[in-house]
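In this note's numbering, the protein residues as written are 1 to 375.
Written as structure tokens, this is what we have:
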């Protein structure tokens, strides 16, 4: 263990990472790796998912049945720092710890009104220039710290041997191009409209990885369970396909994909770290137009709407009515260079520099807090 970490351990700063939903875990994990602490969650499904994907991580339940006597609440009460990825104002305001908001996902559609509801946090950990503009407009710049996008700390360097091993372990053919489908969750996501279509209409000449939103795959409602069983049969019959119910780390999926298919939300933006070509699903539920309408209702101005929805300029569009999927996929792969400037511009707008300096600054900020407490 590095000397700085040993010094930190002697400080005995108690850090708790509080989340109800699994999708915030990859964002908080780099901080856990650097600083230690415990995860606390109210949901058994989230605790199970963390233990499955990160078996070495300490997870404690905040079980409502036990109230203030639950292990989770005792930890929260004893914490010096509580780090979370969502508002949770009602749940956290009872605790005296310093509270850090480390945004899970990229929060592309964040508005001034939503930021103003975060005034109860001591620190807003801003991921890039786009978010900083909104925080400044909300009048909370004094709470903001530019910390970059934390999950990028765990994104591996692309390596051909690792790619072959990873795909082979999933039962996929490393000689084929790999397509990764990452839709949004209900009620806006395209999963119910597109998952089976992609399996049936994209040729088995391509590997196809389908990963439903964690709100479906982790919570496992009865409706979703039956749907996944049906899709698993299609996956098996098609071959060269893999249904990932949050068994794999998202960073590894990005690192080993050749093309991302999404609903134009966080997964598309995150995958730009590897400069991956994009395809965007547009439906009546969610599209560039719908996104703009939603933002306008929340008070976003035209410039913000135009900037955020320009993500759709980074790749091809498909819909539930799209035909000749093989031709569209081939064109998307071959036209990677055509959209390169748009992808790079959008990445800089959303995340800033590709270096990890800002993320390391956040870790150091938390260490400094530990040192100040012991002076």
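Just so you know, even glycine gets a beta-carbon here, dropped at the ideal spot from N, CA and C.
Helix, strand or coil at residue i [DSSP, three-state]
i: residue 206; result: coil
i: residue 374; result: Unreliable placement is indicated for residue 374, whose pLDDT of 47 sits below 50; the coordinate value is still reported in the next sentence. Here residue 374 sits in helix by DSSP.
i: residue 290; result: helix
i: residue 240; result: coil
i: residue 157; result: coil
i: residue 19; result: coil
i: residue 118; result: coil
i: residue 305; result: helix
i: residue 108; result: coil
i: residue 280; result: strand
i: residue 147; result: coil
i: residue 354; result: coil
i: residue 346; result: helix
i: residue 339; result: helix
i: residue 181; result: strand
i: residue 41; result: strand
i: residue 1; result: Bear in mind that the predicted position of residue 1 carries a pLDDT of just 38, short of 50, making it unreliable; the figure below should be weighed with that in mind. In the structure shown, residue 1 sits in coil (DSSP, three-state: anything other than H, G, I, E or B).
i: residue 130; result: helix
i: residue 27; result: helix
i: residue 318; result: strand
i: residue 363; result: helix
i: residue 96; result: coil
i: residue 165; result: helix
i: residue 211; result: coil
i: residue 333; result: helix
i: residue 84; result: strand
i: residue 102; result: strand
Closest by C-alpha distance to residue i, when choosing among the options
i: residue 267; options: 50, 101, 108; result: 108
i: residue 213; options: 242, 368, 281, 181; result: 181
i: residue 230; options: 199, 366, 159, 349; result: 199
i: residue 234; options: 259, 290, 204; result: 204
i: residue 365; options: 309, 153, 34; result: 34
i: residue 296; options: 285, 284, 309; result: 309
i: residue 341; options: 313, 286, 356; result: 313
i: residue 99; options: 152, 123, 47; result: 123
i: residue 224; options: 185, 44, 257, 69; result: 185
i: residue 187; options: 285, 258, 131, 334; result: 285
Residue i versus residue j: straight-line alpha-carbon distance, rounded
i: residue 328; j: residue 178; result: 15 Å
i: residue 161; j: residue 139; result: 49 Å
i: residue 306; j: residue 292; result: 8 Å
i: residue 242; j: residue 126; result: 34 Å
i: residue 74; j: residue 202; result: 51 Å
i: residue 326; j: residue 60; result: 46 Å
i: residue 323; j: residue 294; result: 29 Å
i: residue 279; j: residue 110; result: 23 Å
i: residue 183; j: residue 276; result: 16 Å
i: residue 142; j: residue 121; result: 11 Å
i: residue 18; j: residue 85; result: 8 Å
i: residue 350; j: residue 304; result: 12 Å
i: residue 114; j: residue 58; result: 31 Å
i: residue 170; j: residue 288; result: 33 Å
i: residue 368; j: residue 36; result: 15 Å
i: residue 16; j: residue 26; result: 15 Å
i: residue 176; j: residue 117; result: 47 Å
i: residue 227; j: residue 237; result: 16 Å
i: residue 28; j: residue 334; result: 36 Å
i: residue 355; j: residue 153; result: 9 Å
Contact under 7 Å by Cβ, residue i with residue j
i: residue 343; j: residue 272; result: yes
i: residue 210; j: residue 195; result: yes
i: residue 392; j: residue 255; result: Only positions 1 to 375 of the chain appear in the structure, and residue 392 is not among them; the question remains open.
i: residue 134; j: residue 102; result: no
i: residue 264; j: residue 128; result: no
i: residue 190; j: residue 260; result: no
i: residue 80; j: residue 31; result: no
i: residue 62; j: residue 40; result: yes
i: residue 65; j: residue 95; result: no
Worksheet entry | Cβ contact (3+ pairs, closer than 8 Å) linking the region 138-152 and the region 350-367 | Because the criterion of three Cβ pairs below 8 Å is met, the region 138-152 and the region 350-367 touch.
Worksheet entry | Stretch-stretch touch, CB-based, cutoff 8 Å, three pairs: the region 10-27 with the region 209-218 | The region 10-27 and the region 209-218 touch, with no fewer than 3 CB-CB distances between them shorter than 8 Å.
Worksheet item: Are the region 317-334 and the region 297-304 in contact at 8 Å, needing three or more beta carbon pairs?
Response: Note that the region 317-334 does not touch the region 297-304; fewer than 3 beta-carbon pairs, one per stretch, sit closer than 8 Å.
Fill in: Segment contact flag, the region 245-261 with the region 42-57, C-beta cutoff 8 Å, min 3 pairs
Because the criterion of three Cβ pairs below 8 Å is met, the region 245-261 and the region 42-57 touch.
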